[in-house]
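Engineer: The structure that follows is given in the form of structure tokens.
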């Protein structure tokens with residue numbers, strides 16, 4: 028009787044690792060542009076089943092590394108597939124992750140770009156489904172679905188910058204700093220940084236910030252709960268202008284928790300700071316319902332010299348929707364209140380929704396007075 032030999036099976040984990048090594052090699056050796064051409068012309072059920080990371084119509088990213096930055100803060104290195112477009116420092120990605128039968132989604136700033144990969148830095152939030160899932164479940168070799176990059180929180184060749192951030196709000200500012208400090212000295216703007224954390228142990232990117240300070244960069248670090256020798260005063264309305272005596276000549280980039288941002292914005296308003304020189308990043312859009320108005324406002328877009336008389340059917344339209352429907356060439360961006368590309372300055376009247384000082388985010392704000400005037 029002839030004995031039958033069983034065919035050895037390759038463990039799934041080994042198959043996954045080999046597949047990921049091949050994906051990484053192909054992206055690095057062949058390049059995204061050529062891979063885009065090859066994969067799009069050989070897309071079929073077999074290739075999509077054998078190598079779903081590359082033979083896919085979706086933007087996906089392979090997790091290459093995870094690194095602890097501070098208690099409850101982890102950075103993930105991601106290698107996007109061939110559908111990726113190179114980001115500008117300060118932009119963000121929308122990350123999708125399947126967990127416990129749910130499709131979770133959250134926007135995260137890109138904290139660094141290294142070669143063909145990017146880094147996102149995630150702070151665990153006590154009630155945050157997404158941050159907890161990424162901290163507890165996401166491992167090297169896993170694959171995420173991405174959208175992006177998005178956002179206008181980027182350097183626009185201004186000569187003088189003031190970066191103000193708190194907590195995980197440092198992530199887009201850190202990306203901008205890395206990018207600017209890689210420039211030759213004569214091409215860099217003047218840079219000042221204020222970063223606030225709960226304590227020295229909670230400082231994100233502590234080692235790199237310290238190196239930059241020792242190299243002469245103006246970085247002030249404050250600790251809100253455990254001040255220590257060598258740290259600067261925590262910001263408040265009384266000491267704000269003394270912290271930043273040159274702010275009237277600077278462009279300000281602001282990112283952090285909502286309360287912190289509100290304090291800074293109100294302090295800037297008191298100081299008479301020009302709203303068009305303030306750039307604000309959001310980690311989550313504000314949820315805003317349209318106001319219940321009896322009147323039908325007039326909305327005047329001064330730059331386009333366009334006056335819009337709202338009708339009954341316009342009551343629940345955002346200012347962005349209203350302008351676009353009347354043929355205005357308005358910046359649209361993400362349309363979710365993240366990127367700020369649609370913002371205009373409120374010159375008269377009142378609006379309801381997402382504002383920062385006099386800056387109005389058109390995609391998530393509504394007319395809320397008889398006449399509203401918006402411009403630059």
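Residue numbers (the numbering used here): 28 to 403.
Each residue gets a CB set at the ideal place from its N, CA and C atoms; glycine is no exception.
For residue 377, tell me which candidate among 325, 65, 283 has the shortest Cα-Cα distance.
Structural biologist: Taking the chain shown and counting its residues from 1, one reaches residue 377 at position 350. The shortest C-alpha separation from residue 377 is found at 325.
Engineer: Can you tell which of 224, 364, 308 has the C-alpha that lies nearest to the C-alpha of residue 251?
Structural biologist: The residue given as residue 251 occupies position 224 in the chain shown. Nearest option by C-alpha distance: 224.
Engineer: According to DSSP, residue 250 sits in a beta bridge with which residue or residues?
Structural biologist: Walking along the chain shown from the start, residue 250 turns up at place 223. Residue 250 is bridged to 224.
Engineer: Residue 111 lies in the alpha helix (DSSP H); which residues open and close that run?
Structural biologist: In the chain shown, counting from the first residue as 1, residue 111 sits at position 84. First-last for residue 111: undefined, no H or E at that position.
Engineer: From the DSSP output, read off the bridge partner residues of residue 144.
Structural biologist: Mapped onto the chain shown, residue 144 falls at position 117. According to DSSP, which records beta bridges pairwise, residue 144 is partnered with 141.
Engineer: Applying the 10 Å Cβ sphere with the 16-neighbour rule, what's the burial state of residue 167?
Structural biologist: Residue 167 sits at position 140 when you count from the first residue of the chain shown. Flag for residue 167 reads exposed.
Engineer: Relative to the C-alpha of residue 356, which candidate in 344, 364, 72, 371 has its C-alpha closest?
Structural biologist: In the chain shown, counting from the first residue as 1, residue 356 sits at position 329. Comparing Cα positions, the closest option is 371.
Engineer: Report yes if the C-beta distance between residue 277 and residue 351 is below 8 Å; otherwise report no.
Structural biologist: Taking the chain shown and counting its residues from 1, the one referred to as residue 277 is at position 250. Taking the chain shown and counting its residues from 1, the one referred to as residue 351 is at position 324. No, the Cβ-Cβ distance between residue 277 and residue 351 is not below 8 Å.
Engineer: Which residues in the same chain as residue 288 place their Cβ atom closer than 7 Å to its Cβ, once the five residues preceding and following it in sequence are excluded?
Structural biologist: Start at 1 with the first residue of the chain shown, and residue 288 comes out as number 261. 281, 307, listed in sequence order.
Engineer: Going by DSSP, what residues sit across from residue 380 in a beta bridge?
Structural biologist: Locating residue 380 in the chain shown gives position 353, where the first residue counts as 1. Beta-bridge pairing links residue 380 to 392.
Engineer: Is it the case that the region 152-170 contacts the region 226-245, given that we only count it when at least three CB pairs across the two stretches are under 8 Å?
Structural biologist: no
Engineer: Assuming residue 118 contacts residue 186 (C-beta within less than 8 Å), just tell me the rounded distance between them.
Structural biologist: Working through the chain shown from its first residue, we reach residue 118 at position 91. Working through the chain shown from its first residue, we reach residue 186 at position 159. Between residue 186 and residue 118 the Cβ distance is about 22 Å, and since that is not below 8 Å, they are no contact.
Engineer: Assuming residue 333 and residue 353 are in contact, meaning their beta carbons sit under 8 Å apart, how far apart are those beta carbons, in whole angstroms?
Structural biologist: If you number the chain shown from 1, residue 333 lands on position 306. If you number the chain shown from 1, residue 353 lands on position 326. Going by Cβ atoms, the distance from residue 333 to residue 353 rounds to 7 Å, so yes, they are a contact pair.
Engineer: Using CA atoms only, rank isn't needed, just tell me which of 292, 398, 359 is closest to residue 337.
Structural biologist: Mapped onto the chain shown, residue 337 falls at position 310. Ranking 292, 398, 359 by Cα distance to residue 337 puts 398 first.
Engineer: Nearest to residue 162 by alpha carbon, out of 98, 374, 72?
Structural biologist: The residue labelled residue 162 in the question sits at position 135 within the chain shown. When each option's Cα is compared against that of residue 162, the closest is 98.
Engineer: Taking the beta strand (DSSP E) that residue 305 belongs to, which residues open and close that run?
Structural biologist: Position 278 of the chain shown, counting from 1, holds the residue named residue 305. Looking at the DSSP string, the run of the beta strand (DSSP E) that includes residue 305 is 305-307.
Engineer: To the nearest angstrom, report how far apart residue 403 and residue 373 are at their CA atoms.
Structural biologist: The residue given as residue 403 occupies position 376 in the chain shown. The residue given as residue 373 occupies position 346 in the chain shown. For the pair residue 403 and residue 373, the Cα-to-Cα distance works out to about 8 Å.
Engineer: Just to confirm, is the Cβ distance from residue 89 to residue 106 under 8 Å?
Structural biologist: For the purposes of this step, residue 89 is taken as residue 62 along the chain shown, with counting starting at 1. For the purposes of this step, residue 106 is taken as residue 79 along the chain shown, with counting starting at 1. A contact, by the Cβ cut-off of 8 Å.
Engineer: What are the complete beta strand (DSSP E) segments, minimum 3 residues, inside the region 74-110?
Structural biologist: 87-97, 100-107
Engineer: Under the three-state reduction of DSSP, which class applies to residue 353: helix, strand or coil?
Structural biologist: Indexing the chain shown from 1 puts residue 353 at position 326. Note: residue 353 maps to coil in three-state DSSP.
Engineer: Report yes or no: do three or more beta-carbon pairs, one from the region 49-59 and one from the region 68-85, lie closer than 8 Å?
Structural biologist: The way I'd put it, the region 49-59 does touch the region 68-85; three or more beta-carbon pairs between them come closer than 8 Å.
Engineer: Could you please give the first and the last residue of the uninterrupted beta strand (DSSP E) stretch that includes residue 176?
Structural biologist: Along the chain shown, read from residue 1 onward, the residue named residue 176 stands at position 149. Per DSSP, residue 176 belongs to the beta strand (DSSP E) from 170-177.
Engineer: In angstroms with no decimal places, state the Cα-to-Cα distance between residue 205 and residue 125.
Structural biologist: Translated into the one-based positions of the chain shown, residue 205 becomes position 178. Translated into the one-based positions of the chain shown, residue 125 becomes position 98. About 32 Å.
Engineer: In terms of residue numbering, what span does the beta strand (DSSP E) encompassing residue 336 cover?
Structural biologist: Within the chain shown, residue 336 is the residue found at index 309, counting from 1. Secondary structure note for residue 336: its beta strand (DSSP E) is the uninterrupted segment 333-336.
Engineer: Span of the alpha helix (DSSP H) holding residue 231?
Structural biologist: The residue given as residue 231 occupies position 204 in the chain shown. No alpha helix (DSSP H) holds residue 231; DSSP gives it neither H nor E.
Engineer: Could you tell me which uninterrupted alpha helix (DSSP H) segments, each at least 4 residues in length, are contained entirely in the region 244-299, listed from first to last along the chain?
Structural biologist: Whole alpha helix (DSSP H) segments, 4+ residues: 267-270, 285-297.
Engineer: With three or more beta-carbon pairs closer than 8 Å as the criterion, would you say the region 261-272 touches the region 243-250?
Structural biologist: yes
Engineer: So which of 64, 96, 237 has the shortest CA-CA distance to residue 149?
Structural biologist: Along the chain shown, read from residue 1 onward, the residue named residue 149 stands at position 122. When each option's Cα is compared against that of residue 149, the closest is 96.
Engineer: When DSSP labels each residue in this structure, what does residue 121 get in the three-state scheme?
Structural biologist: Residue numbering aside, residue 121 sits at position 94 when the chain shown is read from its first letter. Three-state result, residue 121: strand.
Engineer: Per DSSP, what kind of secondary structure is residue 343 in: helix, strand or coil?
Structural biologist: Position 316 of the chain shown, counted from the first residue, corresponds to residue 343. Residue 343 falls in the coil class under three-state DSSP.
Engineer: In its own chain, which residues sit with a C-beta less than 7 Å from the C-beta of residue 151, not counting the 5 before and 5 after it?
Structural biologist: Counting from one through the chain shown, the residue named residue 151 turns up at place 124. For residue 151, where only same-chain residues beyond five positions count, the Cβ hits under 7 Å are 99, 158, 159, 162.
Engineer: For residue 104, collect the residues of the same chain with a Cβ closer than 8 Å to its Cβ; drop the 5 residues on either side in sequence, then sort them by chain order.
Structural biologist: Taking the first residue of the chain shown as position 1, residue 104 is located at position 77. 90, 91, 92, 93, 94, 141, 144, 145, 146, listed in sequence order.
Engineer: Tell me the rounded alpha-carbon separation between residue 53 and residue 87.
Structural biologist: Counting from one through the chain shown, the residue named residue 53 turns up at place 26. Counting from one through the chain shown, the residue named residue 87 turns up at place 60. The alpha-carbon atoms of residue 53 and residue 87 are separated by roughly 15 Å.
Engineer: Do residue 242 and residue 202 have their C-beta atoms closer together than 8 Å?
Structural biologist: Counting from one through the chain shown, the residue named residue 242 turns up at place 215. Counting from one through the chain shown, the residue named residue 202 turns up at place 175. For residue 242 and residue 202, no; Cβs fall outside 8 Å.
Engineer: Taking the continuous beta strand (DSSP E) assigned at residue 400, which residues delimit it?
Structural biologist: As a position in the chain shown, residue 400 is number 373, starting the count at 1. Here the beta strand (DSSP E) through residue 400 covers 398-402.
Engineer: Can residue 122 and residue 173 be called in contact, C-beta distance under 8 Å?
Structural biologist: As a position in the chain shown, residue 122 is number 95, starting the count at 1. As a position in the chain shown, residue 173 is number 146, starting the count at 1. Cβ distance < 8 Å, so residue 122 and residue 173 count as in contact.
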